[in-house]
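This report refers to the structure that appears directly beneath it.
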Amino acid sequence: MRRKSKVPPAPLPQRRGVDPVHLRLPVEGPWPTLRGYLAERLPTVAPERIDELLAGREIVGVGGPVGPDEPFRPGAHLWLYRELPDEVPVPFELHVLHRDEHLVVVDKPHFLATTPRGRHVVETALSRLRHSLGLPALSPAHRLDRLTAGLAMFVVRPEERGAYQTLFRDRLVRKEYRAVAPYDPALDLPRTVRSHIVKERGVIAAQELDAPPNSESRIELPAHRDGLGHYRLLPSTGRTHQLRLHMSGLGVPILGDPVYPVLLPDPAPDDFRRPLQLLASVIEFTDPLTGAPRRYETRRTLTAWADQQAWARGPAVPAAPPATR
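For the sequence shown, my numbering gives the first residue as 8, with consecutive numbering after it.
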C-alpha cells in the first residue's frame, strides 16, 4: 500500500480563523494546463472566477503563486481561499475561562457552532478563537452542539490533541449538563436511561432503535416550580443529540428544542429568541499530560428557569453587525 505523502505547510495564512483550501493534484491526468484541471475539479466555481483567481495570482503552490498559463504538474500541492458563505453574526460573546500552553476552555453561547461546517464557517467558536487568540493551530478536543451552550475544550498543539480526545473516547471525562423542561410528577427520577442511537449523515434528527444500547444518561431533578423542572443530566456516553433524545423519550422534551419530539421548520438565520435550554455546566478530568486534576464550571444560566415569562416572550438580543463574508 502506498503511503500518503506529508502535506507541506500552507503558504497562505488563515483568513479570519479559517484555513485556506488545500488541493493535491493527481499523479496523472489528461489536463495540459492547471486551469483545465481546476475547471473540472471545482465544478461549483464559475470558469470566470477560476480565471480571476489565476490572473490575480490568488492560487499558491509550494513555490509561490501560479498564473493563467501554469501547466498541470502531477502531484503538486495548491492552496486558495474559499468563498465564504453569507453568515449572520451570532451576537453573543464567547468567554475564555482558561488558557495555558496545552488547553483553551471556553463558555460557548447558544447558536454558535463549535467548528466550521455547512453554512457556519466564520461564525464558529474555533474560527473566532484562532483569530482572536492568535492560535492558528488550535483544534477541538470534542464537539458541542451549535444549539447547546456551555463548556467546550480546545487543544493548542496539534500533537497533543490525541491525548485529550482519548479522554472523551475512553469516558474519562465527567460531564454534567443542566436543562429546563416540563415537570411531570408521575416521572420517577432519578433514573438511568439507555438506548441505541443512530444518527445518519445529512439527516437532522437522530433515532433510537431497538438494538443493544450504545448510549447512557443519568437524569436527576434537583428542583421544580411552576410546571417546569431544572434537571441535572449526567451522560456516560457522547452520542449526537443523546440528552435531547433521552429527555424527549421520557416525555419531558427540553424547552426550545426544534427537533425533538417534532422537527420544526428552520427559523430565520437572525432569530436568536428562545434558545435551547440545555447547558454544558461541568467538565472534570485528570490532565493526560500533567496529571493534574482539572475542573471547569460554566458561568451561564438558563433563561427559562430564571424568568419563564421572559423566555416565553423571547429575550432581547444584542444588535448584530452586517452579515459576514
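Note that CB positions come from ideal geometry on N, CA and C, so glycine has one too.
- Val-129 sits close to Leu-91, with the two beta carbons spaced by under 8 Å.
- If only uninterrupted beta strand (DSSP E) runs of at least 3 residues are considered, those enclosed by the segment 184-254 are 198-205, 214-216, 222-232 and 235-242.
- In the three-state scheme derived from DSSP, where H, G and I count as helix and E and B as strand, Ile-290 is classed as strand.
- Look at Arg-42 here: in three-state DSSP terms it is helix.
- Boundaries of the alpha helix (DSSP H) around Phe-175: 168-176.
- Within the same chain, Pro-81 and Gly-82 come within 8 Å of Val-34 by CB-CB distance, once the 5 residues on both sides are set aside.
- In this structure, the straight-line span from the alpha carbon of Leu-196 to that of Arg-137 is close to 42 Å.
- Cβ contact annotation for Phe-99 (same chain, cutoff 6 Å, sequence separation greater than five): Pro-116, in chain order.
- Fewer than three beta-carbon pairs drawn from the segment 148-166 and the segment 38-54 are found closer than 8 Å, and the two stretches are therefore not classed as touching.
- About 7 Å separates the beta carbon of Val-111 from that of Leu-140, a gap short enough to meet the 8 Å contact definition.
- In the structure shown, Ala-62 falls within a helical segment according to DSSP collapsed to helix, strand and coil.
- Within the DSSP secondary-structure output, Leu-110 pairs in a beta bridge with Val-162.
- In the structure shown, Gly-68 adopts extended strand secondary structure according to DSSP, grouped into three states.
- Around the Cβ of Leu-216, a 10 Å sphere holds fewer than 16 other Cβ atoms; the residue is exposed.
- Under a 10 Å Cβ-count criterion, Glu-59 is classified as exposed, with fewer than 16 other Cβ atoms of the shown protein chains found around its own Cβ.
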